[in-house]
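Since the structure comes first, as C-alpha coordinates, the remarks are kept for the end.
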Amino acid sequence: MKKLIKVLAIILAVATAGAAAYYYFVMRQKKPQVELYFDDGSMLAFPGNAPEAAEFMSVANDVLEKSPVAGSC
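Those letters in the sequence shown? Residues 276 to 348, by my numbering.
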(Lines of atoms letter the chains of each structure in order from A and count residues from 1; the text may use other names and numbers.)
(Lines give C-alpha, C1' and ligand atoms only; values in the text may rest on other atoms or scores of the structure.)
Protein backbone atom coordinates (compact mmCIF):
# COMPACT_ATOMS: atom_id res chain seq x y z
CA MET A 1 0.00 0.00 0.00
CA LYS A 2 2.84 2.42 0.83
CA LYS A 3 4.48 1.60 -2.48
CA LEU A 4 1.26 2.43 -4.33
CA ILE A 5 1.00 5.79 -2.57
CA LYS A 6 4.62 6.55 -3.48
CA VAL A 7 4.02 5.68 -7.13
CA LEU A 8 0.86 7.81 -7.23
CA ALA A 9 2.71 10.72 -5.62
CA ILE A 10 5.47 10.49 -8.24
CA ILE A 11 2.92 10.34 -11.06
CA LEU A 12 1.13 13.36 -9.61
CA ALA A 13 4.38 15.30 -9.32
CA VAL A 14 5.38 14.51 -12.92
CA ALA A 15 1.91 15.42 -14.22
CA THR A 16 1.95 18.69 -12.30
CA ALA A 17 5.38 19.58 -13.63
CA GLY A 18 4.26 18.74 -17.17
CA ALA A 19 1.13 20.88 -16.87
CA ALA A 20 3.16 23.78 -15.49
CA ALA A 21 5.68 23.51 -18.32
CA TYR A 22 2.88 23.36 -20.91
CA TYR A 23 1.29 26.49 -19.45
CA TYR A 24 4.61 28.31 -19.25
CA PHE A 25 5.76 27.58 -22.80
CA VAL A 26 2.49 27.35 -24.76
CA MET A 27 -0.40 29.09 -23.06
CA ARG A 28 1.52 32.19 -21.95
CA GLN A 29 2.45 33.24 -25.46
CA LYS A 30 0.64 36.36 -26.55
CA LYS A 31 -1.13 35.54 -29.76
CA PRO A 32 -2.73 38.50 -31.52
CA GLN A 33 -6.44 38.31 -32.05
CA VAL A 34 -9.26 40.63 -33.01
CA GLU A 35 -12.32 40.82 -30.77
CA LEU A 36 -15.41 42.61 -32.05
CA TYR A 37 -18.03 43.59 -29.48
CA PHE A 38 -21.53 44.55 -30.61
CA ASP A 39 -24.28 46.63 -28.98
CA ASP A 40 -26.48 43.59 -28.38
CA GLY A 41 -23.76 42.05 -26.18
CA SER A 42 -22.48 39.54 -28.72
CA MET A 43 -18.81 39.14 -29.56
CA LEU A 44 -16.74 37.69 -32.39
CA ALA A 45 -13.09 36.75 -31.96
CA PHE A 46 -10.73 36.09 -34.86
CA PRO A 47 -7.12 34.92 -34.65
CA GLY A 48 -4.70 37.60 -35.81
CA ASN A 49 -3.76 35.62 -38.93
CA ALA A 50 -7.37 35.12 -40.13
CA PRO A 51 -8.34 36.85 -43.39
CA GLU A 52 -11.27 38.53 -41.62
CA ALA A 53 -8.89 40.15 -39.12
CA ALA A 54 -6.33 41.47 -41.63
CA GLU A 55 -7.82 44.96 -41.98
CA PHE A 56 -8.23 45.36 -38.21
CA MET A 57 -4.69 44.14 -37.55
CA SER A 58 -3.20 46.64 -40.01
CA VAL A 59 -5.08 49.52 -38.35
CA ALA A 60 -4.06 48.30 -34.89
CA ASN A 61 -0.40 48.02 -35.95
CA ASP A 62 -0.50 51.57 -37.33
CA VAL A 63 -1.95 52.89 -34.07
CA LEU A 64 0.61 51.02 -31.97
CA GLU A 65 3.51 52.23 -34.12
CA LYS A 66 2.43 55.87 -33.67
CA SER A 67 1.72 55.54 -29.95
CA PRO A 68 4.46 56.94 -27.70
CA VAL A 69 3.38 54.62 -24.87
CA ALA A 70 3.34 51.30 -26.76
CA GLY A 71 7.12 50.95 -26.91
CA SER A 72 7.55 51.13 -23.14
CA CYS A 73 5.72 47.88 -22.36
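In this text, a Cβ means the ideal position worked out from N, Cα and C, and glycines have one as well.
Keep in mind that this is a model prediction, so the values were computed, not measured.
Simplified DSSP state of residue i, which is helix, strand or coil
i, result
"valine 344", "coil"
"lysine 363", "Residue 363 falls outside the range modelled here, since the chain spans only 276 to 348, and no answer is possible."
"methionine 332", "helix"
"methionine 302", "helix"
"alanine 294", "helix"
"alanine 325", "coil"
According to DSSP, residues forming a beta bridge with residue i
i, result
"alanine 320", "Glu310"
Outcome for residue i when other beta-carbon atoms lying within 10 angstroms are tallied against a minimum of 16
i, result
"alanine 284", "exposed"
"alanine 328", "buried"
Any non-hydrogen atom of the ligand NAD closer than 8 Å to residue i Cβ
i, result
"valine 334", "Because no ligand of any kind appears in the structure shown, any question about the ligand NAD cannot be addressed here."
Supposed contact pair residue j and residue i - C-beta distance, whole angstroms, cut 8 Å
i, j, result
"valine 309", "phenylalanine 331", "4 Å"
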